[in-house]
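J.: Before I ask anything, let me first share the structure, which is written out below as structure tokens.
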Amino acid sequence: MQTPAHAMLIPPPGTTRRHGPQPRGILPLLMLLCCMLPGVPALAQPLPLSQAMAPGEAGDAGAMAAAVPPAPAASIEPTPVVLADKPAEVRVGDTVVLSLRAEHAGRSAPLRARSANDALHDVLDAGDDDVRVDHAGGTAVIYVGGQQVIQLIPIDAELAGDPSLAIYADRIVARIRAALKTERTRSAVAGGIFGISLAVLFAVIAIFLLRRAWELADRAAAWLQARPEQVPALRLLSSELAGRDTVRSALALGVAFGRWIALLGLLYAWLIATFSLFESTRGVTEQLAGAVLNPLATLASRVAAAVPLLVILVFALLVLVLLLRVVRLFFREVARGATVVGWLPRDLAAPIGTLAEIALILLALVLVAPVITGNVEGAAPRIGLLGLAALALATVPLGATAVVGLATLFGRWLAPGDWIEMGPRSGRVLHLGLLETRLRDGDGVELRIPHLARLLHPVRVHGRTPRISIALPVERRLATPALAERLAQALAPLGSDVVVQLVEVGDTRATLELTLGSTEADARSACLWAALEALEVYRRESAEP
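As structure tokens, then:
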């Protein structure tokens with residue numbers, strides 16, 4: 001920095017001025033020079049005295065400048081730093097990372113600390129861990145992630161007792177990094193403990209609500225069982241849609257299902273609330289919520305869009321219920337005999353009523369539902385077609401029986417009056433129908449055998465006269481041709497084509513088979529009596545000497 005010319009001429013204070021002999025005429029020159037100095041810039045380079053003065057006076061001025069000693073150079077004093085009386089602390093949670101006392105850029109120490117605390121609070125919530133320092137322009141700026149935290153100046157390092165700003169900034173960076181890690185660990189532990197406490201609290205609340213719901217369900221079930229007469233019937237105007245017993249059964253079923261719905265609902269709510277408390281399980285919370293709530297929301301939106309159609313469907317369903325109710329009441333009254341209809345026998349009223357109800361339901365599903373919904377490929381038409389397919393499948397055995405009956409009738413396999421055996425059953429054919437064969441057995445009882453049973457058991461056709469076979473055990477010594485002839489003579493009056501055969505021989509006994517044809521109802525019993533009588537006579541004759 002250049003020293004002004006007048007400072008070079010004026011001796012500094014405290015110095016002793018020497019009064020030597022001065023040249024003549026120097027005082028007027030000095031006064032002239034002082035008048036000219038205000039027009040010269042303070043920081044400009046002064047001209048030499050030999051150029052500023054007249055040529056005649058240059059020698060005298062040079063001699064004077066040599067005689068006057070130079071003044072010390074003038075210096076600009078630095079701006080004083082304002083220090084706070086009390087340090088302003090910068091914290092991460094409860095940990096103090098640095099203290100500020102000096103102001104900077106017009107901001108006091110408390111204001112600088114408050115700004116740093118706000119920045120650290122923001123980065124603590126954001127979860128940034130990258131702590132760094134940038135040096136620029138004699139200052140050190142500390143960043144956490146992309147957030148500026150504080151700008152440090154050399155006076156901060158000097159007040160903290162560090163030899164340089166770089167060392168001080170590195171120490172503060174290490175403190176901030178350690179404090180952030182400690183605070184996040186503490187927050188995680190505290191959050192985990194708080195989450196567990198809330199989970200336990202939610203579980204207690206869920207158990208309490210479940211217990212209350214269970215008690216209400218028990219009370220409702222007990223009331224339905226203790227007071228069934230107080231349950232009203234479901235009516236529409238004057239028509240009864242459902243009786244008391246039906247309504248009571250529906251309510252009891254709803255109470256039973258309500259218990260488990262309450263249990264599952266509370267369990268689901270507890271899982272959602274608990275999993276949302278912890279960072280590691282929040283993904284499971286989203287999956288659970290999406291698995292249940294998204295379908296429900298989709299269903300709700302579809303229901304809201306289909307409200308007009310739903311109203312029409314409900315009205316059509318009510319009409320169908322009323323029509324079914326009328327049909328049921330009509331055929332019930334005919335079956336009871338309260339209503340007499342010439343074309344409907346009383347004993348056929350109940351089955352015809354059931355068939356009429358099934359036909360109405362199928363017609364509503366197949367024909368009416370597509371007209372209302374405008375969708376031929378909807379669920380209702382498909383259900384109707386499935387019902388028709390089920391009925392067709394159920395009639396397969398009946399159709400097979402009818403096919404066998406047609407073959408029997410037109411093939412002349414059997415004829416009324418024939419005596420047949422079908423498995424363990426036997427009897428005389430009374431009637432051949434399309435679906436069944438009616439027999440009368442030896443006891444006079446009528447048997448109805450479907451034609452389809454003939455595909456499962458062999459059939460023996462005896463013709464008009466049935467063959468009777470009787471097994472007669474006798475002593476081995478009596479089993480002789482003479483006994484066989486005696487038995488044939490005894491059975492001859494009871495039937496035709498009598499045959500006596502020896503079918504089995506043991507150590508002490510033998511078995512004879514007696515076969516004959518007879519149309520008598522008690523032919524078997526009569527044959528047994530006659531055979532016993534002939535055997536006894538033959539035994540006595542054989543015992544005589």
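The sequence shown begins at 1 in the numbering used here and counts up one residue at a time. Every residue gets a Cβ at the ideal spot worked out from N, C-alpha and C, and that includes glycine.
#1: Using a Cβ-Cβ distance cut-off of 9 Å, determine whether A402 contacts chain C.
#2: Let me confirm a value: I150 is counted as buried when at least 16 other C-beta atoms fall within 10 Å, else exposed. Which label applies?
#3: Return the chain-ordered list of same chain residues with a C-beta closer than 7 Å to the C-beta of L323, the five sequence neighbours on each side being excluded.
#4: Taking 9 Å as the threshold (C-beta atoms), are E436 and H451 in contact?
#5: Between the alpha carbons of N113 and A84, how many angstroms are there, rounded?
#6: Do you know whose CA, among L494, G93, A510, lies nearest Q501's CA?
#7: With DSSP run on the structure shown, which of helix, strand or coil describes A526?
#8: Alpha carbon to alpha carbon, how far is A116 from A157?
#9: Can you check whether the CB of V97 is closer than 9 Å to the CB of L120?
#10: Give a yes or no on whether the C-beta atoms belonging to S99 and V82 are separated by under 9 Å.
#11: Name the one or two DSSP bridge partners that A242 has.
#12: V429 by DSSP, collapsed to three states: which one?
#13: Quick check: what's the CA-CA separation for V537 versus D443?
#14: Can you grab the Cα-Cα spacing for the pair E77 / A136, in whole Å?
#15: Using CA coordinates, which residue listed in E357, T281, Q230 is at the minimum distance from I196?
#16: Give the secondary structure of I361 by DSSP, where H, G and I count as helix, E and B as strand, and everything else as coil.
#17: For G463, which residues does DSSP report across the bridge?
#18: Determine, using beta-carbon pairs with one atom in the stretch 389-399 and one in the stretch 412-428, whether at least three such pairs fall under 8 Å.
#19: Is the number of C-beta pairs between the stretch 304-321 and the stretch 339-350 that are closer than 8 Å three or more?
#20: Measure the Cβ-Cβ separation of D441 and L432 and say whether it is below 9 Å.
#21: With L516 and D497 assumed to form a contact (beta carbons below 8 Å), what rounded beta-carbon distance in angstroms separates them?
#22: DSSP three-state call for E533: helix, strand or coil?
#23: Quick check: the Cα distance between G231 and F330, rounded to an integer number of angstroms?
#24: Mind reading off the beta-carbon distance from V255 to A220? Whole number of angstroms is fine, and I expect it under 8 Å.
#25: Apart from the five residues on each side of it in sequence, which residues of its chain come closer than 6 Å, Cβ to Cβ, to A273?
#26: Going by beta carbon distance, what residues of the same chain come within less than 8 Å of C35, once the five residues before and after it are set aside?
#27: For L362 versus G387, is the C-beta distance shorter than 9 Å?
#28: Ends of the beta strand (DSSP E) at S164?
#29: Among residues of its own chain, excluding the 5 on either side of V404, which ones have a beta-carbon nearer than 8 Å to its beta-carbon?
#30: Would F410 be called buried (16 or more neighbouring beta carbons within 10 Å of its own) or exposed?
#31: Would DSSP call G290 helix, strand or coil?
#32: Around the C-beta of S469, are 16 or more other C-beta atoms found within 10 angstroms, so that it is buried, or is it exposed?
#33: Have a look at G145, D125, L124, A126 and flag the residue whose alpha-carbon is nearest the alpha-carbon of D134.
#34: Spell out the partners DSSP gives E513 in its beta bridges.
T.: Taking the geometry as given:
#1: The structure shown contains no chain C, having only a single protein chain.
#2: A residue is called buried when at least 16 other Cβ atoms come within 10 angstroms of its Cβ; I150 meets this threshold and is buried.
#3: The residues L360, in chain order, have a CB closer than 7 Å to that of L323 in the same chain once the five nearest residues on each side in sequence are set aside.
#4: Yes, they are a contact pair.
#5: Contrary to the premise, residue 113 reads as Ala rather than Asn in this sequence. Distance between the alpha carbons of A113 and A84: 12 Å.
#6: Here the closest residue by C-alpha is A510.
#7: Helix.
#8: The alpha-carbon of A116 is positioned some 17 Å away from that of A157.
#9: Contact check for L120 against V97 passes: the beta carbons are separated by less than 9 Å.
#10: Their beta carbons are not under 9 Å apart, which means S99 does not touch V82 by this criterion.
#11: Paired residue(s): L234.
#12: DSSP places V429 in the strand class (E or B) of the three-state scheme.
#13: Cα-Cα distance, rounded: 30 Å.
#14: Residue placement at E77 cannot be trusted, given a pLDDT of 47 that sits under 50; what the coordinates show is reported in the next sentence. For the pair E77 and A136, the Cα-to-Cα distance works out to about 24 Å.
#15: Shortest Cα-Cα distance from I196 to any of E357, T281, Q230 involves T281.
#16: If DSSP states are grouped into helix, strand and coil, I361 belongs with the helices.
#17: Residue pairing for G463: DSSP places it in a beta bridge opposite W419.
#18: By the Cβ rule, the stretch 389-399 does not count as touching the stretch 412-428, because fewer than three pairs are nearer than 8 Å.
#19: Touching, no.
#20: Not closer than 9 Å, so no.
#21: Rounded, the Cβ-Cβ distance is 6 Å, consistent with contact.
#22: E533: helix per DSSP, three-state reduction.
#23: As written in the sequence, residue 231 is Val, which differs from the Gly given in the question. If you take the alpha carbons of V231 and F330, they lie about 26 Å apart.
#24: Their Cβ separation, rounded to whole angstroms, is 5 Å, which keeps V255 and A220 in contact under 8 Å.
#25: Residues of the same chain with a CB within less than 6 Å of the CB of A273, apart from the 5 flanking positions on each side, are F202 in chain order.
#26: Only weak support exists for where C35 lies, its pLDDT of 44 falling under 50; the value from the coordinates is given anyway. Nothing listed; no residue qualifies.
#27: Cβ distance < 9 Å, so L362 and G387 count as in contact.
#28: Per DSSP, S164 lies in no beta strand (DSSP E) segment and is marked neither H nor E.
#29: Cβ-Cβ distances below 8 Å link V404 to H451, L452, R454, L455 in the same chain, with the five nearest sequence neighbours on each side left out; the list follows chain order.
#30: Its Cβ having fewer than 16 others within 10 Å, F410 is exposed.
#31: When DSSP states are grouped into helix, strand and coil, G290 belongs to the helix group.
#32: Using a 10 angstroms sphere on the CB of S469, the tally of other CB atoms stays under 16, which defines it as exposed.
#33: The shortest CA-to-CA distance from D134 to any of G145, D125, L124, A126 is the one to G145.
#34: For E513, which the question treats as bridged, DSSP gives the partners A471, Q501.
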